[in-house]
Ligand SMILES: *[C@@H]1O[C@H](CO)[C@@H](O)[C@H](O)[C@H]1NC(C)=O
Ligand SMILES: *[C@@H]1O[C@H](CO)[C@@H](O)[C@H](O)[C@H]1NC(C)=O
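In mature numbering (1 follows the signal peptide of the UniProt record, and there is no 0), the protein residues as written are -22 to -1, 1 to 227.
Here's what the structure looks like:
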């Protein structure tokens, strides 16, 4: 019990410490260089996710739009995601739009990147939302984000940023398959209020501009592996499995 308590305290401490560092994880660029965000390049050079379906953020005021360009993997550094967001915060009071990533929409948590307007001011936050929390409440979390650019015009928010080292140490395509959430919320005195997800995608492969997940080829992986295993290896493998089975009995 004491040991569990210790573990819990360590986890909570490890989780609280980064928030002390505050926005040192966030690196802002020169926002006057931010061009208006459009659908140009959707499905060709960038993966686009929006709500309502296929909406054009330039034409439709209630379109919440995100585009993602995924960089090439670098060993031990994962990939860079260059993300653009454009949409309106709910109502005229200070509020935000956000994009989130989670491996599984029903368990674990979602890492949220939040672009907000506080009157005429642009603000940026990272937060964590537990997927089983239907109220959408947010927890502080820190994440390095680079080259953050943003501009606001009333409730209209446009922003761009680079999430570095996405899934570092995992380089296979399958490992950048993620559920994408889009949504919005209000700002209160202490930061972003509860997140209201207006779109939750099926898992998308971020390295494909159409988000498609590579389909397994005709032969199942097991069959292909077996074809390369010599009978001697198979014998070794089965005796190892047998020892493992004995071990667990
Ligand atoms: C920001 O970018 C604009 C437009 O390129 C430029 O005129 C301005 O000098 C830049 N500001 C800074 C602080 O670099
Ligand atoms: C990620 O982006 C940063 C900032 O633009 C750049 O310095 C870094 O080299 C990029 N890393 C990869 C893995 O592409």
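Ideal Cβ placement from N, Cα and C applies to all residues, glycine included.
| Query | Result |
| --- | --- |
| Beta-carbon proximity check, residue 104 vs residue 90, cutoff 8 angstroms | yes |
| Three or more C-beta pairs below 8 angstroms linking the segment 67 to 74 and the segment 110 to 120 | no |
| Buried versus exposed call for residue 53 [16 or more other C-beta atoms within 10 Å across all chains shown] | exposed |
| Continuous beta strand (DSSP E) stretch holding residue 121: start and end | No beta strand (DSSP E) contains residue 121, which DSSP labels as neither H nor E. |
| CB of residue 44 within 8 angstroms of CB of residue 178, strictly | no |
| Residue burial classification, residue 167 (beta-carbon count within 10 angstroms, cutoff 16) | exposed |
| Ligand 2 heavy atom lying under 7 angstroms from the CB of residue 77 | no |
| Proximity test, residue 28 beta-carbon vs ligand 1 heavy atom, cut-off 7 angstroms | no |
| Under the three-state DSSP convention, the category residue 191 falls into | coil |
| Beta-bridge partners of residue 94, as assigned by DSSP | 74 and 101 |
| Any non-hydrogen atom of ligand 2 within 7 angstroms of residue 49 CB | yes |
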